[in-house]
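Numbering (full-length UniProt numbering), first residue to last: 1 to 296. Positions of the beta carbon are idealized from the N, C-alpha and C atoms, including for glycine. The structure presented is a predicted model; accordingly, all values stated were derived computationally and were not measured. To start, the structure under review is shown below, and the notes come after it.
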Amino acid sequence: MNSSHDILCIGSVLWDIIGRAPVHMRQGSDVAGRITRLPGGVAMNIAMTLSRFGMRPALLTSIGRDAEGEELLQACKELGTGTDYVYLSDDLPTDSYMAVEGANGLIAAIADAHSLEAAGDKILRPLMDGTLGSDEAPYDGYIALDGNLTQRLLENIAVSPAFAKADLRVAPASPGKAERLVPFLNHTRATLYVNLEEAGLLCQQEFESSRDAAAALLSRGAKRALVTDGGKDCSDGTADGILSQTPPEVLVTRVTGAGDTFMAAHIAAEKTGASREDALSRALQSAAIYVSGGNP
């Protein structure tokens, strides 16, 4: 494994533009609030949290050679995420994400990750050309992978020899992209991180609890599945059984990035040798701190 990092984060790295209001909102609401612009994207959110937990993440993504991209690259470095393997595009702009949140949660969001999709397998070159790995010498460390990649690219990753020895941790990025993870349902080295809605989309049925959802994912071939359900029970399902825990009760002040925080905290805990019970507990605690406005 490369000494400069201990996990690769593959997927979206972009500018998050988030509008937050302290009141309940509905369609058509026009209220006072705060608008922030911060580095974001699923892969970036995971990498930033991993860095706070003492890990050394490196990014594999596409960023444009534009003013926004230069600023984003600098911000990534300052936040402790490695950028040596980022694909820099001359003709694709830097991606962005826009969301509106009220006291009642996420109201609406638009993810513009078209440049990442257009870049395609160019972002994976370091894992193919021998820089980090190849088909003949696969990368054998942790990889956090998000569903913002195209369906075709995710399908290729699922069967690629270059990923055959990696510890793959996979998240869909959003319910709208959950079905892109179908190729990983039968992957022998993939752990799925999904919420209740995403689990339902993958299994094409509705679930009453995270335990039921985890059981269904396992029955469909998943090696391991972690299913969250907001403030309700969260479940970790493997062949050894399903473990469920309830997250701490907190006042929710933000939701965008909560799932990414949970996933990163869980990976970091397991890398230090934590048991399944302890890793799940630490991840839920970190996510609770995050949604209440703190930094886990």
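Is the distance from the Cβ of V250 to the Cβ of S281 below 7 Å? no
Would you mind listing the beta strand (DSSP E) stretches within the stretch 240–265 that are 3+ residues and don't spill past its ends, in chain order? 241–245
If you reduce the DSSP assignment to three classes, tell me which class N104 lands in. coil
Check this for me: beta carbons of S210 and D229, under 7 Å apart or not? yes
In the DSSP assignment, the beta strand (DSSP E) including R125 goes from what residue to what residue? Element bounds for R125: not the beta strand (DSSP E) but the alpha helix (DSSP H), 125–128.
Per-residue DSSP class, three states only, for A164: coil
Please determine, among E179, K165, A164, the residue with the shortest C-alpha to C-alpha distance to A171. E179
Go to G40, then tell me how far its alpha helix (DSSP H) extends in each direction, as first and last residue. Not the alpha helix (DSSP H): G40 falls in the beta strand (DSSP E), residues 34–40.
Buried or exposed, going by whether 16 or more other CB atoms sit within 10 Å of the CB of E101? buried
If we define contact as Cβ-Cβ less than 7 Å, is N45 a contact residue for chain B? The chain inventory of the structure shown lacks chain B, comprising one protein chain alone.
For S62, the three-state DSSP class (helix, strand or coil): strand
Got a sec? Which residues, its chain only, sit under 6 Å from D167 by beta carbon, not counting five neighbours each side? Y142
If you measure between the beta carbons of S115 and P93, is that distance less than 7 Å? yes
Using the Cβ count rule (16 or more neighbours within 10 Å means buried), how would you classify R37? exposed
Nearest-angstrom Cα distance between A265 and S286? 7 Å
Rounded C-alpha distance that separates G105 from E78: 29 Å
If you draw a straight line from the C-alpha of H24 to the C-alpha of D30, how long is it? 11 Å
Under the rule that 16 or more other beta-carbon atoms within 10 Å means buried, what is N186, buried or exposed? exposed
By DSSP, does T191 sit in helix, in strand, or in coil? strand
In angstroms with no decimal places, state the Cα-to-Cα distance between V42 and D16. 10 Å
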